Structure formats: C-alpha cells, structure tokens
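Undergrad: My structure is below; once you've seen it, I'll send some questions.
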C-alpha cells in the first residue's frame, strides 16, 4: 500500500479519535510527518469531502467519511435487526441502549437509542471505540465466543498497555458472564454509570452485544434491566439466525 494512502488513513483515524478540530501543525507533529506532505494530503482529503476545514484552518472529519462509514452499517445485516430492539428496550426502561461489536481489542458502537430529554452524555456515541475488557458490551461479546475464536481477541487485549495486567481478572469475569448470560460494568467506563449487556449471536455475523447504560442509584430494579437486555439480545439473535 502506498505511503500516501497509509498517511491519509492515519490522518482520518487521528481526527476521528480526537473528536475535536486539529491544525496542520498538530496533525504533522502527532503523526511525525513533514508539514508539506501533511498539507498535500489534507488538501486532497478536503477537496473530496473526507475532511472539513474551519476558518481557523483546523480540520475535522467530513461528511464523505461519514457516508463511507454508513455504507458499512447498511451492509451489516445486524444493525437493521437490532435497532427496533433498542427502540423497544429504551421505551420500556427509559434509559440509553446500544449495540456494539468486537474489533480487535475494542468494542465499537454501531447504533444507539437515547430516551427523550436525556441530559446525561454517555460514552456510547455511534462510532465510539472503547476497550473491550472494561465494557459490558465487550465482555458479553467475548464470553459468547468459543475458545478458538476468542483467542485472537484476547491476544489483542493482552497486547494493550492497559490490558496486560487485566487478563486473569478478565478470564474470571468471562466465566461468570457465560454462566449468567449477561455482563456488567459498574463505573469502569464512566464514573457513576452502570452498564449491562447480553450477547447477540448468529452464524454469519461478528461477535456483538446489546447493552444499556444508566446512573447508579437511579432507582431502576437491576433484575428488570437485566431481563430486558437479555430478552432484546435473544430476540435479535433469533431473527438474525433465521436470516442467516
């Protein structure tokens, strides 16, 4: 693959992770590439709509990049099946629900549903990428996998700086998730926020799960939340299984 293509992808990845506008200087410094090279790539990406540039000459991810990413969602059979389950789950419980899949050491959020008037900003924005071993959705998806399929994801997690010392605890947690049928995260991802997730499984799809997030101490009955999440994940799995 050409060096320019790799650098263009690195620029898009950096901007998507940053979540804020970045200048030419900041981008070239972070990626350790010459300003002249970075400027040429930025000009090309901006001209094609993959990047936007503001009045201060700071760059953000553009609409074209979103369109390309959205085409993946359209081709992912699971999303169109999962969304109605998220809508129903959020309607029943009045809390945020989401669907995420595993990608290496991360859980990537593909869709979500917020209740009306939600004042709390949660980490599960669409496209967000969080460590699989600390999130309820990541642990639920991992636990659903047979050992042979699980090995590659666990190796990726073990290779992370924040994952090296967490493997023994993770193995214990995954055993518990398999036994219970659901996973939880009590403030590991966001302080004061509890997350519960259950796996969505079907023969031809990526390992994923449906989860919810809500404030700890909100008065919600844990069993009601757990049952709702497990039922939503089971319904999605059954529909996807029939389609497969």
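Residue numbers (the UniProt record's numbering): 1 to 244. Quick reminder that beta carbons are idealized off the backbone N, C-alpha and C, glycines included. Note that the structure is predicted; figures quoted are calculated from it, not measured.
#1: On the three-state DSSP scale, how would you describe residue 239?
#2: Comparing C-alpha positions only, which one of 49, 226, 59, 92 sits nearest to residue 66?
#3: If contacts are defined as beta-carbon pairs under 8 angstroms, then residue 233 and residue 177 qualify, I think. What distance do you get, rounded to the angstrom?
#4: Which residues mark the beginning and the end of the beta strand (DSSP E) in which residue 129 is found?
#5: Count Cβ pairs between the segment 178-195 and the segment 151-163 that sit closer than 8 angstroms; are there 3 or more?
#6: Restricting to runs no shorter than 3 residues, where is the beta strand (DSSP E) found entirely within the segment 19-53?
#7: Among 201, 200, 185, which one has its Cα closest to the Cα of residue 194?
#8: From which residue to which residue does the alpha helix (DSSP H) around residue 154 run?
#9: What ranges does the beta strand (DSSP E) occupy inside the segment 85-118, keeping only unbroken runs of at least 3 residues that lie completely in it?
#10: Look at the Cβ atom of residue 135, then the Cβ atom of residue 115, and state whether they are nearer than 8 angstroms.
#11: In whole angstroms, what separates the C-alpha of residue 86 from that of residue 137?
#12: So residue 197 is in the beta strand (DSSP E); what residue range does that whole segment cover?
#13: With a 10 Å radius around its C-beta and 16 neighbouring C-beta atoms as the bar for buried, classify residue 63 as buried or exposed.
#14: Going by DSSP, what residues sit across from residue 189 in a beta bridge?
#15: Could you pull the start and end residues of the beta strand (DSSP E) that residue 58 belongs to?
#16: Determine the contact status of residue 149 and residue 202, defining contact as a CB-CB distance below 8 angstroms.
#17: Using the DSSP secondary-structure output, state which residues sit across from residue 215 in a beta bridge.
#18: Count the other CB atoms, across all protein chains shown, that sit within 10 Å of the CB of residue 230; report buried if there are 16 or more and exposed otherwise.
#19: With 16 as the cutoff for other CB atoms within 10 Å, does residue 6 come out buried or exposed?
#20: May I ask you to report which of helix, strand or coil DSSP gives residue 16?
#21: Under three-state DSSP, which class holds residue 204?
#22: Provide the residue span of the alpha helix (DSSP H) that contains residue 166, from first to last.
#23: Kindly list the residues whose CB is nearer than 8 angstroms to the CB of residue 125, restricted to its own chain and excluding five residues on each side of it in sequence; keep chain order.
#24: How big is the Cα-Cα spacing for residue 96 and residue 127?
#25: By the 10 Å Cβ neighbour count, where 16 or more other Cβ atoms means buried, how is residue 43 classified, buried or exposed?
TA: The answer reads as follows:
#1: helix
#2: 49
#3: No, residue 233 and residue 177 are not in contact; Cβ-Cβ is about 12 angstroms, not under 8 angstroms.
#4: 129-131
#5: no
#6: 51-53
#7: 185
#8: 147-158
#9: 96-103, 106-113
#10: no
#11: 14 angstroms
#12: 193-200
#13: exposed
#14: Bridge partners of residue 189: none, in fact.
#15: 58-61
#16: no
#17: 193
#18: buried
#19: exposed
#20: helix
#21: coil
#22: Run containing residue 166: none; DSSP gives neither H nor E here.
#23: 109, 112
#24: 15 angstroms
#25: exposed
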